[in-house]
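Enquirer:
Residue numbers (the numbering used here): 275 to 568.
#1: Quick one: what's residue 506 bridged to in DSSP?
#2: Candidates 478, 514, 469: which alpha carbon is nearest residue 298's?
#3: Please report the distance separating the alpha-carbon of residue 444 from that of residue 382.
#4: Which residue wins for smallest C-alpha separation from residue 437, given the options 407, 464, 362, 458?
#5: Considering residue 487, what are the terminal residues of the beta strand (DSSP E) in which it resides?
#6: Cα separation between residue 570 and residue 494?
#7: Mind checking whether residue 514 and residue 446 have CB atoms under 8 Å apart?
#8: For residue 363, which three-state DSSP category applies?
#9: Mark residue 276 as exposed unless 16 or more other C-beta atoms lie within 10 angstroms of its C-beta, in which case mark it buried.
#10: Would you be able to state if there are at least three C-beta pairs under 8 Å between the segment 393-405 and the segment 458-465?
#11: Quick one, are the C-beta atoms of residue 464 and residue 326 less than 8 Å apart?
#12: If you compare alpha carbons, which of 507, 499, 433 is closest to residue 316?
#13: Opposite residue 331 in the DSSP bridges: which residues?
#14: So the alpha helix (DSSP H) residue 317 belongs to, where does it begin and stop?
#15: Can you have a look at residue 448 and say buried or exposed, based on whether 16 or more other CB atoms are within 10 angstroms of its CB?
#16: Once DSSP output is grouped into helix, strand and coil, what is the label at residue 468?
#17: Measuring straight from C-alpha to C-alpha, what distance separates residue 386 and residue 413?
#18: I'd like to know whether the C-beta atoms of residue 323 and residue 370 end up nearer to each other than 8 Å.
#19: Our contact map puts residue 330 next to residue 358 with C-beta atoms below 8 Å; I'd like the distance itself, whole angstroms only.
#20: Please classify residue 484 as buried or exposed, where buried requires at least 16 other C-beta atoms within 10 Å of its C-beta.
#21: Taking the C-alpha atoms as reference points, what is the distance between residue 287 and residue 310?
#22: Using a Cβ-Cβ cutoff of less than 8 Å, which residues in the same chain neighbour residue 351 once the five nearest sequence positions on both sides are dropped?
#23: From residue 477 to residue 462, what does the alpha carbon distance come to, in whole angstroms?
#24: Quick one: what's got a C-beta closer than 8 Å to residue 490's C-beta in the same chain, skipping five residues either side?
#25: Quick one: grab the DSSP three-state call for residue 350.
#26: To which residues of the same chain is residue 339 closer than 6 Å at the C-beta, ignoring the five residues directly before and after it?
Structural data, given as structure tokens:
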């Protein structure tokens with residue numbers, strides 16, 4: 275951690291009234307060192323440290339986009355931007371001259387559900403989640419086979435599965451999505467030290483040549499400061515980021531009728547519903563539809 279913090283400082287990352295600290299179960303996070311008012315910049319990250327997928331695709335990897343469109347052309351592969359970040363990590367992780375070498379050295383073993391054994395997956399009771407995991411594994415293997423061919427042709431060397439899985443999970447667990455603040459999916463050193471919660475207290479904004487994190491509400495001393503990864507339930511968070519948390523307002527309940535899903539209801543919506551009037555009626559309609567087709 276000390277070397278990473280030194281690198282942050284040497285590359286011009288500025289912070290105000292916060293610190294990185296170890297939380298429960300060996301997980302790191304960002305906490306306030308004193309009360310922080312709303313609308314205050316607490317983190318300032320030079321944009322040259324952020325790894326933007328579109329910058330890579332349109333500049334450094336432009337030829338790959340042309341000759342390997344099935345991997346790097348967004349019109350043919352919806353994961354093209356994701357794959358671009360994976361390639362950058364594969365190329366730069368062991369490069370002693372790489373700007374981001376200290377960043378990759380710090381993240382030793384990124385893990386999400388793809389690290390689980392089949393025996394562990396079998397303990398999951400949610401059948402929908404099991405199907406999602408199976409699709410993720412198929413996607414992982416497909417991408418790996420494509421990258422193996424790509425590496426042999428472009429770099430004349432072998433790519434092993436462990437190297438690929440590291441880069442793949444690194445992007446899955448730490449990538450910021452393209453939205454109004456970012457021109458494309460990207461990796462944000464230091465910014466990814468903030469954990470996710472639906473009750474986050476920050477927003478991001480690009481000001482000049484910096485990406486800044488700004489408080490959106492008062493933060494108390496020693497309070498953990500969160501980022502917001504999106505409106506995701508625990509199943510999604512477990513698959514992509516490798517964690518869940520209690521009282522997630524974006525969790526879903528799946529209403530089934532004879533093993534067929536008829537409704538997906540958010541947990542914060544469910545207590546407000548009149549179940550009998552709203553959802554039992556759906557069951558009746560669904561049964562009538564099934565009767566007509568039998």
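Idealized CB from N, CA, C, for every residue including glycine.
Expert: Taking the geometry as given:
#1: Paired residue(s): none; residue 506 is not in a bridge.
#2: Taking only the C-alpha atoms, the option nearest residue 298 is 469.
#3: Each residue's alpha carbon lies about 10 Å from the other.
#4: Among 407, 464, 362, 458, the Cα nearest to that of residue 437 is on 362.
#5: For residue 487, the uninterrupted beta strand (DSSP E) segment begins and ends at 484-489.
#6: Shown here, the chain extends from 275 to 568; a query on residue 570 therefore has no answer.
#7: Yes.
#8: The answer is helix: DSSP assigns residue 363 an H, G or I state.
#9: Exposed, by the Cβ-count rule.
#10: When Cβ pairs closer than 8 Å are counted between the two stretches, the segment 458-465 is seen not to touch the segment 393-405, the count staying below three.
#11: No, the pair does not count as a contact, with Cβ atoms beyond the cut-off.
#12: Nearest option by C-alpha distance: 499.
#13: Answer is none; residue 331 lacks a bridge partner.
#14: Premise fails: residue 317 lies in the beta strand (DSSP E), 315-320, not in any alpha helix (DSSP H).
#15: So residue 448 counts as buried.
#16: The answer is coil: DSSP assigns residue 468 none of H, G, I, E or B.
#17: Whole-angstrom Cα-Cα distance: 15 Å.
#18: Cβ atoms of residue 323 and residue 370: not closer than 8 Å.
#19: A Cβ-Cβ separation of about 5 Å places residue 330 in contact with residue 358 under the 8 Å criterion.
#20: With 16 or more Cβ atoms within 10 Å of its Cβ, residue 484 is classed as buried.
#21: Distance between the alpha carbons of residue 287 and residue 310: 19 Å.
#22: Excluding sequence neighbours, residue 351 sits near 343, 344, 345, 357.
#23: Their Cα atoms are separated by approximately 14 Å.
#24: Result list for residue 490: 312, 313, 474, 475, 476, 477, in chain order.
#25: If DSSP states are grouped into helix, strand and coil, residue 350 belongs with coil.
#26: Excluding positions up to five away in sequence, the list reads 331, 346, 347.
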